[in-house]
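Undergrad: Sequential numbering of the sequence shown, starting at 10, is according to this note's numbering.
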Amino acid sequence: MNMFSLNGKVALVTGASYGIGFAIACALHDAGATIVFNDIKQELVDKGLASYKEKGIEAHGYVCDVTDEAAVQEMVAKIEAEVGVIDILVNNAGIIKRIPMCEMTAEQFRQVIDVDLNAPFIVAKAVIPSMIKKGHGKIINICSMMSELGRETVSAYAAAKGGLKMLTKNIASEYGEYNIQCNGIGPGYIATPQTAPLREIQPDGSRHPFDQFIIAKTPAARWGEAEDLGGPAVFLASDASNFVNGHILYVDGGILAYIGKQP
Ligand code: NAP
Ligand code: GCO
Numbered sequence: 010m011n012m013f014s015l016n017g018k019v020a021l022v023t024g025a026s027y028g029i030g031f032a033i034a035c036a037l038h039d040a041g042a043t044i045v046f047n048d049i050k051q052e053l054v055d056k057g058l059a060s061y062k063e064k065g066i067e068a069h070g071y072v073c074d075v076t077d078e079a080a081v082q083e084m085v086a087k088i089e090a091e092v093g094v095i096d097i098l099v100n101n102a103g104i105i106k107r108i109p110m111c112e113m114t115a116e117q118f119r120q121v122i123d124v125d126l127n128a129p130f131i132v133a134k135a136v137i138p139s140m141i142k143k144g145h146g147k148i149i150n151i152c153s154m155m156s157e158l159g160r161e162t163v164s165a166y167a168a169a170k171g172g173l174k175m176l177t178k179n180i181a182s183e184y185g186e187y188n189i190q191c192n193g194i195g196p197g198y199i200a201t202p203q204t205a206p207l208r209e210i211q212p213d214g215s216r217h218p219f220d221q222f223i224i225a226k227t228p229a230a231r232w233g234e235a236e237d238l239g240g241p242a243v244f245l246a247s248d249a250s251n252f253v254n255g256h257i258l259y260v261d262g263g264i265l266a267y268i269g270k271q272p
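Printed below as a string of structure tokens:
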């Protein structure tokens, strides 16, 4: 069987009504997986189901706030009863708050940590027992360039994504013996709603300064598209990566490798 095939596999992608999660789910479907996703509001789940249908994908959608452990446990039990045991988990749901650290409240900091770090722990903890029983599992945590680098205004997000990198390595360490591989994908700058404020056209019609900055800093000289993450996700979700564990695969157009063009 093709080592990249996901035929017969059930994939849960969190926060996948749109954006990176949606694109990854579409790629996993095209490799043969059955797609399950959640979002925090029914209207978004419905919107997501319609978007998947437009792509010819009969996805399974659930309303669940990934920071709520009881709700996550209940969702996973429902998925196992209604769809099947989860073979592939993509911890994609995430938020960012761009606020200078000394102006950020502790509550705002905690909110980002809760979604971007605590939730991947909660969801992974909910799916691992069945993966152990089944004898295999794939966990893919969506990290970030900010798992490696900081910048102004994203202290909570960088702290969360740095922690998610180490949580990825720890899950790999603790559960590798059960044939569970846990890896991360570290997207560079991707054109999604989350980064839309960084790409807004200026009143004079020019590109956003940050947009120009990223283009100059990226060897590929472009923002990534969510679809650029599909192939790496299929690789990490498939038998092709059965001996890859605890690795963060950066999908960033080369930005982490590049010092940047001389001004
Ligand atoms: P996005 O467009 O903001 O989508 C995030 C998704 O997560 C939304 O569907 C959102 O649903 C959902 N979500 C947020 N909080 C949730 C919660 N508590 N429970 C369930 N779902 C929740 O973001 P994106 O750009 O696609 O990013 C997806 C992931 O990639 C995130 O982890 C992000 O940190 C990471 N990432 C993004 C980039 C980038 O450049 N875009 C780069 C590196 C990493 P709602 O709409 O209901 O809030
Ligand atoms: C930002 C961006 C980044 C990207 C991504 C980069 O404000 O710097 O939102 O954080 O989302 O995480 O890899």
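No residue lacks a Cβ here, since even glycine has one placed at the ideal position from N, Cα and C.
Apart from the five residues on each side of it in sequence, which residues of its chain come closer than 6 angstroms, Cβ to Cβ, to residue 169?
TA: Position 160 of the sequence shown holds residue 169. Once the five neighbours on either side are set aside, the close Cβ partners of residue 169 are 121, 122, 125 and 126.
Undergrad: Contact defined as beta carbons within less than 8 angstroms: I believe residue 242 pairs with residue 180. What is the distance between those atoms, to the nearest angstrom?
TA: Start at 1 with the first residue of the sequence shown, and residue 242 comes out as number 233. Start at 1 with the first residue of the sequence shown, and residue 180 comes out as number 171. No, residue 242 and residue 180 are not in contact; Cβ-Cβ is about 17 angstroms, not under 8 angstroms.
Undergrad: Check the DSSP bridge columns for residue 48 and list the partner residues they point to.
TA: The count along the sequence shown starts at 1 and reaches residue 48 at position 39. According to DSSP, which records beta bridges pairwise, residue 48 is partnered with 72.
Undergrad: Would you say the segment 188–206 touches the segment 148–161, given that touching needs at least three Cβ pairs under 8 angstroms?
TA: Yes, the segment 188–206 touches the segment 148–161.
Undergrad: Quick one: what's residue 196 bridged to in DSSP?
TA: Within the sequence shown, numbered from 1, the residue matching residue 196 stands at position 187. DSSP lists 260 as partners of residue 196.
Undergrad: Heavy atom of ligand 2 less than 7 angstroms from the Cβ of residue 126, yes or no?
TA: Numbered from its first residue, the sequence shown carries residue 126 at position 117. No, ligand 2 has no heavy atom inside 7 angstroms of this Cβ.
Undergrad: Counting C-beta neighbours from all protein chains within 10 Å, is the total for residue 269 16 or more, i.e. buried, or is it exposed?
TA: For the purposes of this step, residue 269 is taken as the residue at position 260 of the sequence shown. That one is exposed.
Undergrad: Between residue 94 and residue 85, what straight-line distance do the alpha-carbon atoms span, to the nearest angstrom?
TA: Looking up residue 94 in the sequence shown gives position 85. Looking up residue 85 in the sequence shown gives position 76. Rounded to the nearest angstrom, the two C-alpha atoms are 9 angstroms apart.
Undergrad: Confirm the yes/no value for this check: CB of residue 160, any heavy atom of ligand 2, distance under 7 angstroms.
TA: Within the sequence shown, residue 160 is the residue found at index 151, counting from 1. At least one heavy atom of ligand 2 is nearer than 7 angstroms to the Cβ of residue 160, so yes.
Undergrad: Suppose the cutoff is 7 angstroms on Cβ atoms and the five residues either side in sequence are ignored; what does the same chain contact list for residue 9 look like?
TA: As shown, the chain starts at 10 and ends at 272. That puts residue 9 outside it, with no answer to give.
Undergrad: When you compare the segment 153–172 with the segment 100–115, are there three or more beta-carbon pairs, one atom per stretch, that lie closer than 8 angstroms?
TA: The segment 153–172 is in contact with the segment 100–115.
Undergrad: Hey, residue 174 and residue 257 are a contact pair by Cβ (cut 8 angstroms); roughly how many whole angstroms apart?
TA: Taking the first residue of the sequence shown as 1, we reach residue 174 at position 165. Taking the first residue of the sequence shown as 1, we reach residue 257 at position 248. Contact flag correct, Cβ pair sits at about 6 angstroms.
Undergrad: Would you tell me roughly how many angstroms separate the C-alpha atoms of residue 135 and residue 82, rounded to the nearest one?
TA: In the sequence shown, counting from the first residue as 1, residue 135 sits at position 126. In the sequence shown, counting from the first residue as 1, residue 82 sits at position 73. Distance between the alpha carbons of residue 135 and residue 82: 6 angstroms.
Undergrad: So, is residue 182 buried or exposed, given that buried needs 16 or more other C-beta atoms within 10 angstroms?
TA: Working through the sequence shown from its first residue, we reach residue 182 at position 173. Exposed.
Undergrad: Under three-state DSSP, which class holds residue 95?
TA: As a first step, residue 95 must be located in the sequence shown, where it is residue number 86. In this structure, residue 95 counts as coil in the three-state DSSP scheme.
Undergrad: So residue 18 and residue 96 are in contact, right, with Cβ under 8 angstroms, and what is the actual spacing, rounded?
TA: Translated into the one-based positions of the sequence shown, residue 18 becomes position 9. Translated into the one-based positions of the sequence shown, residue 96 becomes position 87. At roughly 4 angstroms, the Cβ-Cβ gap stays under 8 angstroms, so residue 18 and residue 96 are in contact.
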